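Sequential numbering from 3 applies to the sequence shown in our numbering.
Ideal placement from N, C-alpha and C gives every residue a C-beta, glycine not left out.
As the structure is a computational prediction, the values presented were derived from the model and not from experiment.
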Amino acid sequence: LRNGTGGLSLWSAPFSEGKPSQPKLVKADLGVVETIWMTRAGTLYYEIPGTASTNIYSAELGANLKASKPALAVETFVNANNGPALSPDGQFLAYESFRPGNEPTLVIQTIRTREEQIVPAKVSIGMMRGIGPMWFPGGHSLLMFSRAPQGPGPSFYRIDVVTGNAELLHRTRNTLEGYRLSPDGST
C-alpha cells in the first residue's frame, strides 16, 4: 500500500473467521519494490527492479513482523528473473527468466526444494510493464502475455504448466496499461 507521502509500505492484516483484524504497519517506505507475495508460513517474496536487471528475493517475516534472512529466492541466472507469482497453494513460484541466447523462459520453482522446471511453452511469452505470469485457480495453468505474430496486438494465453500447451484466451488491438486475472480465473 502507498502511504500519504506516496511511498510503498507493507502492512499486515490477519484474518480470523474470514474477517480481517486491524491492519498493522510492518515497514514504511519500502523503496523500489515490485511484485510482493507472501506464503502462509510467513515467507515474503519480492522483486527489486534494476536498471538493466531484476532479481527475485525472499525474506522470513517473524512474529514481530520484522523481515529476517533476506536472500535471493532464485539463484540461477541472477539479474535475469522477473515477474514472480506464488501458486494458489503456496508451493510453487512461477517467473520469467531472460537467459542468454533464448527468448523469455517460463520457469516454475518448487519453493521447498528450489528445484526449477522449465515449462515448454508452445507460444512465445513476454512481459508487459513488468507483469509476469498469473496463476489460475487450481494451480495447473498460468495466464501469460504474448506478442506472438499470429495476429495484430497483444494476446493472452492459458499455459499448462506441465505440457506447455497454449490456449488463446484473448487478443486486443488496444494499447494496455496493465492487466489482472480475476480471483476465480474467469476474467
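From what residue to what residue does the beta strand (DSSP E) around residue i run?
i, result
"P185", "No beta strand (DSSP E) holds P185; DSSP gives it neither H nor E."
"P86", "83–88"
"N57", "56–63"
"A96", "94–99"
"F158", "157–162"
Go ahead and pull the three-state DSSP assignment for residue i.
i, result
"W13", "strand"
"E77", "coil"
"V125", "coil"
"H172", "strand"
"Q111", "strand"
"Q24", "coil"
"E117", "coil"
"T45", "strand"
"F138", "coil"
Please classify residue i as buried or exposed, where buried requires at least 16 other C-beta atoms within 10 Å of its C-beta.
i, result
"S60", "buried"
"F147", "buried"
"W13", "exposed"
"F158", "buried"
"Q2", "Residue 2 is absent from the model: the chain starts at 3 and stops at 189."
"L3", "Confidence at L3 is low in this model, with a pLDDT of 43, below 50, so the placement of that residue should be treated as unreliable; the coordinate-derived value is given next. That one is exposed."
Nearer than 8 Å: is that true of the beta carbon of residue i relative to any heavy atom of the ligand NAD?
i, result
"L183", "This structure lacks the ligand NAD; in fact it carries no ligand of any kind."
Is the beta carbon of residue j closer than 9 Å to that of residue i?
i, j, result
"I161", "L144", "yes"
"E98", "G134", "yes"
"I113", "G128", "no"
"T56", "N81", "yes"
"M136", "L183", "yes"
"P90", "V76", "no"
So what does residue i bridge to, in DSSP terms?
i, result
"K71", "Paired residues: none, contrary to the question."
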